[in-house]
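Just so you know, the sequences run in chain order Y and B. Residue 81 in the working numbering is what sits at position 81 of the first sequence, and the numbering runs on without skipping anything. In the working numbering, each number is its position in the second sequence, counted from 1, plus 1000. Quick reminder that beta carbons are idealized off the backbone N, C-alpha and C, glycines included. Worksheet: one structure, shown below.
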Amino acid sequence: DTAVSQTPKYLVTQMGNDKSIKCEQNLGHDTMYWYKQDSKKFLKIMFSYNNKELIINETVPNRFSPKSPDKAHLNLHINSLELGDSAVYFCASSQEVSGYEQYFGPGTRLTVT
Amino acid sequence: RKEVEQDPGPFNVPEGATVAFNCTYSNSASQSFFWYRQDCRKEPKLLMSVYSSGNEDGRFTAQLNRASQYISLLIRDSKLSDSATYLCVVSYNNDMRFGAGTRLTVKP
């Protein structure tokens, strides 16, 4: 069974569109994250949720809105997509908020044309 | 100054070589430290945690120097399968910060 899963794996869309990426973890973890990895391979945290509550919200455009319907899910909705949003987006989870191993999903490769 | 800085790489080494990576961090209050490995077009995966006393896992040795705020990873007897990008990760409270990664290629 996949521990952290993301859908879709690939997403190609045009500028201005709205899209969502879904993430689910079956590890029973309390904390989930979204990361963005750009073309230079730098992995940067975007959001962190603990028990469905937002605990980290980095400097991310408000076009990005995370939603956590329950502890096992953290979805990412992006409005008005821009070229610069092209990247790989990774979802991750950990047992608790600090100092614990993070388990990553396989990533969603977003290409905005 | 970046929060987590790593050797720029890439490192190209022959099989059997010993290779060392260094990583420095800016937040002296950082609490937890890790090395992750990321294969090409794959997700990062935990390689090992780094403890204050240093720790070893097979061919891999990690060390932490809090006074100088750096972490190191030593790989002995490199294998072809060690080829990957190695990410240094530093945690403070709720926040995990990743370094940009160091690419290692082990050649036959």
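Sufficient close CB pairs (3 or more, under 8 Å) joining the segment 83-102 of chain Y to the segment 36-43 of chain Y
Short answer: they touch.
Pick from B:ARG1041, B:CYS1040, B:ASP1039, B:PHE1060: whose alpha carbon is nearest that of B:SER1049?
As a first step, residue 1049 of chain B is located in the second sequence; it is residue number 49 there, counting from the start. Measuring from the Cα of B:SER1049, the nearest candidate turns out to be B:PHE1060.
Residue range of the beta strand (DSSP E) that includes B:LEU1064
Taking the first residue of the second sequence as position 1, residue 1064 of chain B is located at position 64. B:LEU1064 -> beta strand (DSSP E) spans 1060-1065.
What in chain Y is Cβ-close to B:THR962, meaning under 8 Å?
The question about residue 962 of chain B has no answer, for chain B in this structure spans 1001 to 1108.
How would you write the range of the beta strand (DSSP E) that B:SER1091 sits in, first residue to last?
Translated into positions along the second sequence, residue 1091 of chain B becomes position 91. Residues 1084-1092.
Could you please give the first and the last residue of the uninterrupted beta strand (DSSP E) stretch that includes B:VAL1050?
Counting from one through the second sequence, the residue named residue 1050 of chain B turns up at place 50. According to the DSSP assignment, B:VAL1050 belongs to the beta strand (DSSP E) that extends over 1044-1050.
Applying a beta-carbon distance threshold of less than 8 Å, which residues of chain B neighbour Y:GLU101?
Locating residue 101 of chain Y in the first sequence gives position 101, counting from the first residue. The answer, in chain order, is PHE1034, LEU1046, SER1049.
Secondary structure of Y:LEU110, DSSP reduced to three states
By one-based count along the first sequence, residue 110 of chain Y stands at place 110. Secondary structure at Y:LEU110: strand, using DSSP grouped into helix, strand and coil.
Can you tell me which of the three DSSP states B:SER1177 falls into?
Outside the displayed range of chain B (1001 to 1108) lies residue 1177 of chain B, so it cannot be described from this structure.
According to DSSP, is B:ASP1095 part of a helix, a strand, or is it coil?
For the purposes of this step, residue 1095 of chain B is taken as the residue at position 95 of the second sequence. In this structure, B:ASP1095 counts as strand in the three-state DSSP scheme.
Going by the DSSP bridge assignment, what does B:THR1105 pair with across the sheet?
For the purposes of this step, residue 1105 of chain B is taken as residue 105 along the second sequence, with counting starting at 1. In the DSSP assignment, B:THR1105 forms a beta bridge with B:ASN1012.
Are at least three pairs of beta-carbons, each pair with one atom in the segment 104-111 of chain Y and one in the segment 50-57 of chain Y, less than 8 Å apart?
Verdict: no, contact absent.
Where do the ends of the beta strand (DSSP E) carrying Y:VAL97 lie?
The sequence position of residue 97 of chain Y within the first sequence is 97, counting from 1. Segment: none, Y:VAL97 is in no beta strand (DSSP E) and carries neither H nor E.
Apart from the five residues just before and just after B:SER1032, which ones in its own chain have a Cβ nearer than 6 Å to its Cβ?
Residue 1032 of chain B sits at position 32 when you count from the first residue of the second sequence. Closer than 6 Å at the Cβ level, and outside the excluded window around B:SER1032, lie SER1091.
What span of residues does the beta strand (DSSP E) with Y:LEU81 cover, start to end?
Reading the first sequence from its first residue, position 81 is the one you call residue 81 of chain Y. Neither: Y:LEU81 is in no beta strand (DSSP E) and is coded neither H nor E.
Below 8 Å between beta carbons: does that hold for B:ARG1103 and B:THR1018?
Working through the second sequence from its first residue, we reach residue 1103 of chain B at position 103. Working through the second sequence from its first residue, we reach residue 1018 of chain B at position 18. It is not a contact, given that the beta carbons lie outside the stated cut-off.
Compute the Euclidean distance between the alpha carbons of B:GLY1099 and B:GLN1006, then round it to the nearest angstrom.
Your numbering for residue 1099 of chain B matches position 99 in the second sequence. Your numbering for residue 1006 of chain B matches position 6 in the second sequence. Cα to Cα, B:GLY1099 sits roughly 6 Å from B:GLN1006.
Paired residues, beta bridge with Y:MET32 - DSSP:
Along the first sequence, one-based indexing puts residue 32 of chain Y at 32. DSSP output for Y:MET32 lists Y:TYR49, Y:SER93 as bridge partner(s).
Which two residues bound the contiguous beta strand (DSSP E) that contains Y:GLN13?
On the first sequence, residue 13 of chain Y is found 13 positions in, with the first residue counted as 1. The amino acid occupying residue 13 of chain Y in the given sequence is Thr; Gln does not appear at that position. Its beta strand (DSSP E) spans residues 10-13.
Please report whether the beta-carbon of B:GLU1043 lies at a distance below 8 Å from any beta-carbon of chain Y.
Residue numbering aside, residue 1043 of chain B sits at position 43 when the second sequence is read from its first letter. Look at B:GLU1043: its C-beta is under 8 Å from a C-beta on chain Y.
Tell me which residues of the segment 43-70 of chain Y have at least one Cβ-Cβ distance to chain B shorter than 7 Å, keeping chain order.
From the segment 43-70 of chain Y, only LEU43, ILE45, SER48, ILE55, ILE56 have a Cβ closer than 7 Å to chain B.
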